[in-house]
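Enquirer: As given, the protein sequences belong to chains A and B, one line each in that order.
Using our numbering, read the first sequence as starting at 1 and increasing by one per residue.
Using our numbering, read the second sequence as starting at 1001 and increasing by one per residue.
Positions of the beta carbon are idealized from the N, C-alpha and C atoms, including for glycine.
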Amino acid sequence: MPEASASAGSVVLACEGVTKSYGGVRAVDSVTLSVPSQGLFGLCGFNGAGKSTLFNLLAGSVRADEGMVRIDGRDATGWSAMRRARSGVARTWQTVRLALGRTTLDNVAAACLAAPGQWMLGALWRPQAAPARERAWAALESLGIGHLGGRLVDGLTLEDQRLTELARALVSDPRVLLADEPASGLSSAQRTVLAGALTAISKDRAVVVVEHDLDMLTSISEHIWAMVEGRLAFSGDVETFRTSPVHADLRGIEQA
Amino acid sequence: MTEPAAAESGTLPGPAPGSPESPAAVHQVRRRDPVPLGAGVCVAGVGALVLAAMNGSYLGLTVTTGVCFAIVTVGMVLQLGYSRQLAFSQSVFMGLGAYGMGVLETKYGFSSLESLLAVIGLALVTSLLIGAVVTRAPGLALALATLLMPLFIYQLATYSNWLGSFAGINGVLPLVTGADYTTTLVLSGIVCAVLLGIATAIVFRVIRSGVGLQLMAMAADERLAESLGISLRQRRLEVFVLPSVLAAVGGAAIASVQGIVTPDLLSETSEITLLLMVFVAGRRSIVGAIVGAVVIEYLTTSTSFISTNLGIIEGIALLVILIVEPDGVAGAIDRLLGRRTDQWAAKLRSRVPAGLLARGGSGGA
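(1) From the beta carbon of residue 161 of chain A, is the nearest beta carbon of chain B less than 7 Å away?
(2) Only counting the same chain, and skipping five residues up and downstream in sequence, which positions put a Cβ closer than 6 Å to that of residue 236 of chain A?
(3) So, at 7 Å on beta carbons, what are the nonlocal neighbours of residue 1070 of chain B in its own chain, with the 5 sequence-adjacent residues on each side left out?
(4) Of the choices B:1094, B:1148, B:1304, whose alpha-carbon is the least far from that of residue 1122 of chain B?
(5) Please classify residue 1085 of chain B: is it buried, with 16 or more other beta-carbons within 10 angstroms of its beta-carbon, or exposed?
(6) For residue 1082 of chain B, report the span of its alpha helix (DSSP H) as first-last.
(7) Who are the neighbours of residue 1285 of chain B on chain A, taking C-beta pairs under 7 Å?
(8) For residue 1149 of chain B, which residues in chain A fall below 9 Å Cβ to Cβ?
(9) According to the Cβ coordinates, are residue 1276 of chain B and residue 1318 of chain B closer than 7 Å?
(10) For chain A, find out if any of its Cβ atoms is closer than 7 Å to the Cβ of residue 1222 of chain B; answer yes or no.
(11) Kindly list the residues whose CB is nearer than 6 Å to the CB of residue 1115 of chain B, restricted to its own chain and excluding five residues on each side of it in sequence; keep chain order.
(12) Would you mind telling me which residues of chain A sit closer than 8 Å to residue 1084 of chain B, beta carbon to beta carbon, in chain order?
(13) Give the range of the beta strand (DSSP E) segment to which residue 131 of chain A is assigned.
(14) Look up residue 1230 of chain B in the DSSP assignment and say whether it is helix, strand or coil.
(15) List the residues of chain B that residue 116 of chain A touches, going by C-beta distances under 9 Å, in chain order.
(16) Say whether chain B places a C-beta atom closer than 7 Å to the C-beta of residue 260 of chain A.
(17) Would you say residue 1281 of chain B reaches chain A, if we count a Cβ-Cβ gap shorter than 7 Å as a contact?
(18) Might you give, ordered along the chain, the residues of its own chain that have their beta carbon closer than 7 Å to the beta carbon of residue 160 of chain A, omitting 5 neighbours on each side?
(19) What is the rounded straight-line gap between the Cα of residue 86 of chain A and the Cα of residue 116 of chain A?
(20) What does residue 182 of chain A reach in chain B if we use C-beta pairs closer than 7 Å?
(21) Straight-line CA distance for residue 1118 of chain B to residue 100 of chain A?
(22) Who are residue 1068 of chain B's beta bridge partners in DSSP?
(23) When you compare only the Cα positions, how much space is there between residue 81 of chain A and residue 1096 of chain B?
(24) Thinking C-alpha only, which one of A:10, A:194, A:62 is nearest residue 167 of chain A?
(25) Can you tell which of A:24, A:111, A:49, A:130 has its C-alpha closest to the C-alpha of residue 1215 of chain B?
(26) Of the choices A:73, A:72, A:50, whose alpha-carbon is the least far from that of residue 64 of chain A?
(27) Between residue 58 of chain A and residue 220 of chain A, how many whole angstroms is the CB-CB distance? I'm expecting something under 8 Å.
(28) Quick one: residues in its chain with C-beta nearer than 7 Å to the C-beta of residue 137 of chain A, no 5 flanking neighbours on either side, listed in chain order?
(29) Grouping DSSP H, G and I as helix and E and B as strand, with all else coil, what is residue 1347 of chain B?
(30) Since residue 1217 of chain B meets chain A, which of its residues come closer than 7 Å, beta carbon to beta carbon?
(31) Does residue 1205 of chain B have its Cβ less than 7 Å from a Cβ in chain E?
(32) Kindly identify the DSSP beta-bridge partner or partners of residue 22 of chain A.
(33) Give every residue of the same chain whose Cβ lies closer than 7 Å to the Cβ of residue 77 of chain A, excluding the five residues on either side of it in the sequence, and list them in chain order.
(34) What does the alpha-carbon distance come out to for the pair residue 1347 of chain B and residue 1328 of chain B?
(35) Hey, would you say residue 35 of chain A sits closer than 7 Å to residue 176 of chain A, going by beta carbons?
(36) Can you give me the start and stop residues for the alpha helix (DSSP H) that residue 1042 of chain B sits inside?
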């Protein structure tokens, strides 16, 4: 079992021996890892290695069959995705998920109400929409797409849609961001821009990125985890990863 | 965001300050939102004026009943159109409001105001209890969980002598009593218009609030909404309860205007009529839901062919709408206006010199 802790420092998100099976297939098999409270960490592996399932387990979108998930040291295994999100775990999705027919601003604002659990009756007196839209606009602006706030998301380019998703994940000021293949479908130039944005974001929070683009991943990450057939096959710094057999295998697939 | 150099800092370039999409142009968030109150006052005012102008005629009675149905359909816009929670329980709560008024007034001597307040309370408690169970079922399961409710309640009403069986309950008091029938009908119509105005303002306010933003995310993708920290269970319950209470108010108003409540109000045909009222004009349009309710009520009561063959005609109409234009008339108008705007923009581009467009269109795609 490889060393699964990324580096020293307080751990914001961790899992211990988490396992998830679909039918007879173990999508994630006894994975243990710890995410420190600050920095950018890469998660890679072949297609079907269990990366997205692990993200779903960490974010609470899927319940683990075995094992434990901790957020800030507290047992969060039974927590819903909603509770984990409110505890500071934000995520983006492998395929873009936006509310079509609505503006970029509204898509982001939906994630940043000061009181997300406010009852509907309370909304009649304190609608919350204006401050949420102001925060949303600030988040869009920080990623350089504030000018798209009034545009419908339907008409945005894939690059802008991915940045909108990123803004939506960041607007609630999460402690850890799980970004699932954020560069998927983007051009080389767009990847460079995205990599810069992710690096900037990771200055004051933990960012875990699932990515197939090894060049991008190794250029921005401090620590790499690699999964093979549901198991954690590698955990270490980027230099060690570059000389590991897993890296060679992944490179082989990439070049093929 | 096309300059890689900007990636170093993580801040990306936007359009030029003077361009149409500059932050200053886009970022105009109003702290106060006068629209819901304005819309409510507008609906109440226009409704009251129209009904007063009809001066207690038969058409006035029909339109007043349509206004009562509109109270129900406005709630359905929030539930079905905006939040995409399909529940077949509106006619049940409409019946609860109507029968509540009838029972309380004819058997227990309540005044119409007391009955209305009691009915609102009863609908609130009942919808909370029922909603707590059925809203655990997501999506299609919610529809199935509520599908049998109208059938069960209809059977109950027709077999219960206490509820008047097939004849229903006669002698329901008007909301306001005037000197004569005409004045009573006009005053009742105005009260119904005010109730519709209040319902419109409430639904508008919710839709335009932060909760409305969450409902928008929930309607788009429930899994996504949960990952944004939105409590699906809470929101599903709320979008079940508020429209149910509005349906009860609408039902109470219908019984008061017509002076009688019969089991027909609870039937599955009644549920289909409500769906048609919402879908014809556009399930996401509050104005559409109001106009749809009034127009369909008019057509079903004033045309003998339609009223005789109501089930067949409504079934076919609903089917055609769902296939041809699921967003109803409002959706079709939006699309036509969009095409027209595109055509205007294309004409404009062909007339304006290319240099001018290049200077002003840095962000436009």
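Expert: Checking against the coordinates, here is how it stands:
(1) no
(2) Non-local beta-carbon contacts of residue 236 of chain A in its own chain, meaning distances under 6 Å to residues more than five positions away in sequence, are absent.
(3) Excluding positions up to five away in sequence, the list reads 1196, 1289, 1290, 1293, 1294.
(4) B:1094
(5) buried
(6) Per DSSP, residue 1082 of chain B belongs to no alpha helix (DSSP H) and is neither H nor E.
(7) Result: empty, since nearest Cβ-Cβ is about 13 Å, beyond 7 Å.
(8) Per Cβ cutoff of 9 Å: no residues; residue 1149 of chain B is ~22 Å from chain A at best.
(9) Yes; because the gap between Cβ atoms is below 7 Å, this pair is in contact.
(10) Chain A contact via Cβ: absent.
(11) Once the five neighbours on either side are set aside, the close Cβ partners of residue 1115 of chain B are 1101, 1104, 1105.
(12) Within 8 Å Cβ-Cβ: nothing; residue 1084 of chain B doesn't reach chain A, min ~11 Å.
(13) Segment 129 to 142 is the alpha helix (DSSP H) holding residue 131 of chain A; no beta strand (DSSP E) there.
(14) coil
(15) 1210, 1214, 1228, 1229, 1230, 1231
(16) Outside the shown range of chain A (1 to 256) lies residue 260 of chain A, about which nothing can therefore be said.
(17) no
(18) 145, 148
(19) 9 Å
(20) By Cβ distance, chain B contributes nothing, its closest Cβ being about 13 Å from residue 182 of chain A, past 7 Å.
(21) 41 Å
(22) According to DSSP, residue 1068 of chain B bridges with nothing at all.
(23) 37 Å
(24) Comparing C-alpha distances from residue 167 of chain A to each of A:10, A:194, A:62 shows the shortest one belongs to A:194.
(25) In terms of Cα proximity to residue 1215 of chain B, the closest of A:24, A:111, A:49, A:130 is A:111.
(26) A:50
(27) The beta-carbon distance between residue 58 of chain A and residue 220 of chain A, rounded to whole angstroms, is 20 Å. This is too long to meet the 8 Å contact definition.
(28) For residue 137 of chain A, the CB contacts under 7 Å within the same chain, skipping 5 residues up- and downstream, are 105, 146, 149 in chain order.
(29) helix
(30) 99, 110
(31) The chain labelled as chain E is not found among the protein chains of the depicted structure, namely A and B.
(32) A:25
(33) 64, 68, 69
(34) Between the C-alpha atoms of residue 1347 of chain B and residue 1328 of chain B there is a straight-line separation of about 29 Å.
(35) Yes.
(36) 1035 to 1054
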